[in-house]
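**Student:** If you read the sequences in order, they're chains R and A.
Be aware that the first sequence starts at 43, since it is given in my numbering, and climbs by one per residue.
Be aware that the second sequence starts at 1418, since it is given in my numbering, and climbs by one per residue.
Just dropping this structure here.
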Amino acid sequence: MSAQAHPWPGAEGGAPMSALATPGTGPTGTGATGLDDDTRDALAELLLFMADDELMLGYWDSEWTGIAPLLEEDVAFSSLAQDEIGHAQALYELLADLTGEPVDRIAYGREAGGYRQAALLDHARGDWAFSIARRFLYDTADAVRLDALAGSSYAPLAGLVAKMRREERYHLAHMHAWMVRLARGGEEPRRRLATACERLWPDALAVLAPPAGERRLLDASILTQPFATCRQRWLEELAPLFEELRLPFPFRLAGAGLPGQPRRLEPTFPEPGPEGRTEHNDDFRWLWGELTSVYRSEPGATW
Amino acid sequence: MCASAAAGLERRVWDALGEVPDPEIPVVSVVDLGIVRAVEAGPERIRVEMLPTFVGCPALEVIRRSIAERLAGMAERVEVEPTFAEPWTSDRITPEGRRKLRESGFAPPGPPPADEPAGRPLFATIGMRPEAHSPEAREVRCPFCGSRDTALENPFGPTLCRAIFWCNACRQPFEQFKAV
């Protein structure tokens, strides 16, 4: 990086932006990371999942700027949006270090079908209760996922995750407060919140669905817990809260007492298939048009 | 260059960095905020490592450029490199930085929360009372009158690093630099 800094991220004619690069990584891929091809591909897939999740959430959050039910929430959701889009940017940069692809092209240069956010992040903001429920389900699942990456052997990711966890706890605390407030806030807020939870639970499971390369990531200690373990922990932590708030929690205990069958929470609805990150809805296709419109107007331009 | 000349250059680099203001709160410098992690200084190359206060801090690029511009000419090459090798935490703000924050109406951050051990219950530090929900909802002293009778209005403020409080004693809103 030279002293001739560029005014905007993604300058330098579309070269991978190195503003947030962590020492020890470079744009040259395996040579710089010391990962074999399969492990690198598995890591790239995980980074893409996480970055796309954060980018879409950030965009939907930003839609509340100016029209949130309270002035405080205008400020809060604008701030949340900025955090999440910043996280997405940093994750795309780690990905660019692995693949050598320009970071802007990764973030904005894909067709709608090439995005890999979980189905939970496909939905438009909906009403306030819907936004709170979606964010709460995402923030809790993401917290568990970040926990499983906090001790990652891939130092650039471990460093970024340590920083993200310090920020995300503010988000989680804020959403938790809103869940409690709406659940105890009288008939209408309660009904809207319950409806949103019911609608979102199946799509929320996609956040912690294991990536194809999970085995590789575990073997390399890039990931320290299987996603199935993360999901159990997530559901076990949410169960008492949803019970206390009397909100829909469509899961039942299974496998209890059988040898070799650990106690686990299973959905009472059909387990969603692997399409939770590949098939996107019309809300997302609209968002895709919005968020890529500037990039598509002049692909590869230096801004 | 002998060791003392190198040390002299490094000193001058730190002094110069002390004149680079934070673009969002210009009363404090990047050194006051503890953003500068390390300086390596030689006649060919000066390398500055900086720690972003927030991952999505929009001022990051401005800060990077300001540092590079301020140091230009002090060596043949100047490199300014943001890193997440360690997280910036608010206890990196120097005593001088805290004094300047207070004098300009910002409550300095309290002690930052420790790194959450992985696997700690998600709601371990969150109470069920919404008004006590935030890690910020601890004793925060009003920068105007010094009272501790203050209340968190919004854990999110005009920039990512600021929260909004209300002082019950002097009945004024004020901002706090977040403890992160």
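All C-beta atoms in this analysis are idealised placements derived from N, C-alpha and C, irrespective of residue type, glycine included.
Tell me the DSSP secondary structure of R/MET206 in three-state form.
**Tutor:** Reduced to three states, the DSSP call for R/MET206 is helix.
**Student:** Would you identify the three-state DSSP class for A/SER1564, choosing helix, strand or coil?
**Tutor:** In the structure shown, A/SER1564 sits in coil (DSSP, three-state: anything other than H, G, I, E or B).
**Student:** Would you report the Cα separation of R/TRP276 and R/THR334, rounded to the nearest angstrom?
**Tutor:** Answer to the nearest angstrom: the Cα atoms are 33 Å apart.
**Student:** Looking at the unbroken beta strand (DSSP E) that takes in A/ARG1581, where does it start and where does it end?
**Tutor:** A small fix is needed here, since residue 1581 of chain A is Ile in this sequence, not Arg. Taken as a continuous stretch (DSSP letters only), the beta strand (DSSP E) holding A/ILE1581 covers 1579-1584.
**Student:** Using a Cβ-Cβ cut-off of less than 8 Å, list which residues of the stretch 171-200 of chain R approach chain A; keep chain order.
**Tutor:** Residues passing the 8 Å Cβ filter: THR182, ALA185, VAL186, ASP189, ALA190, ALA192, GLY193, ALA197, PRO198.
**Student:** Determine whether the Cβ of R/TYR134 lies closer than 8 Å to any Cβ atom of chain A.
**Tutor:** No, R/TYR134 lies away from the interface with chain A (no Cβ there is under 8 Å from its Cβ).
**Student:** When the Cα atoms are used, what is the spatial distance from R/GLY342 to R/GLY142?
**Tutor:** One C-alpha to the other measures close to 15 Å.
**Student:** Can you find the residues in the same chain that come closer than 8 Å, C-beta to C-beta, to A/ARG1519, ignoring five residues on each side of it along the sequence?
**Tutor:** Around A/ARG1519: PRO1525, PRO1560.
**Student:** Using only alpha-carbon positions, find the residue among A/GLN1589, A/ILE1581, A/PRO1538 that is nearest to R/GLU279.
**Tutor:** Here the closest residue by C-alpha is A/PRO1538.
**Student:** Under DSSP, the alpha helix (DSSP H) around A/ALA1422 begins and ends at which residues?
**Tutor:** Its alpha helix (DSSP H) spans residues 1420-1434.
**Student:** Helix, strand or coil: how does DSSP classify R/LEU376 here?
**Tutor:** Any answer about residue 376 of chain R is impossible in this case: the structure gives chain R only from 43 up to 345.
**Student:** Could you give the DSSP three-state label for A/GLU1553: helix, strand or coil?
**Tutor:** The predicted model places A/GLU1553 with a pLDDT of 46, which falls under 50 and marks its position as unreliable; any figure quoted below should be read in that light. Looking at A/GLU1553 - three-state DSSP - the assignment turns out to be coil, as it is neither helix nor strand.
**Student:** Tell me the rounded alpha-carbon separation between A/VAL1472 and A/ALA1458.
**Tutor:** Spanning the two alpha carbons is a distance of roughly 27 Å.
**Student:** When the cut-off is 8 Å and only beta carbons count, does A/PHE1561 lie next to chain R?
**Tutor:** Closer than 8 Å: no.
**Student:** Among residues of its own chain, excluding the 5 on either side of R/GLN274, which ones have a beta-carbon nearer than 7 Å to its beta-carbon?
**Tutor:** Answer for R/GLN274: ARG306, LEU307, listed in chain order.
**Student:** Enumerate in chain order the residues of its own chain whose CB-to-CB distance from R/PRO231 is below 7 Å, with the five nearest sequence positions on each side excluded.
**Tutor:** Closer than 7 Å at Cβ, skipping near neighbours: ALA171, LEU224.
**Student:** With a cut-off of 8 Å, does the C-beta of A/GLY1436 fall near any C-beta of chain R?
**Tutor:** It should be noted that the sequence gives Glu, not Gly, for residue 1436 of chain A. Judged by the 8 Å Cβ criterion, A/GLU1436 is not in contact with chain R.
**Student:** Any idea what DSSP makes of A/PHE1523, helix, strand or coil?
**Tutor:** Strand.
**Student:** Report the CB separation of R/LEU214 from R/VAL203 in whole angstroms; it is logged as a contact under 8 Å.
**Tutor:** 15 Å between Cβ atoms; not a contact.
**Student:** Per DSSP, what are the beta-bridge partners of A/SER1446 in this structure?
**Tutor:** Answer is A/PRO1438.
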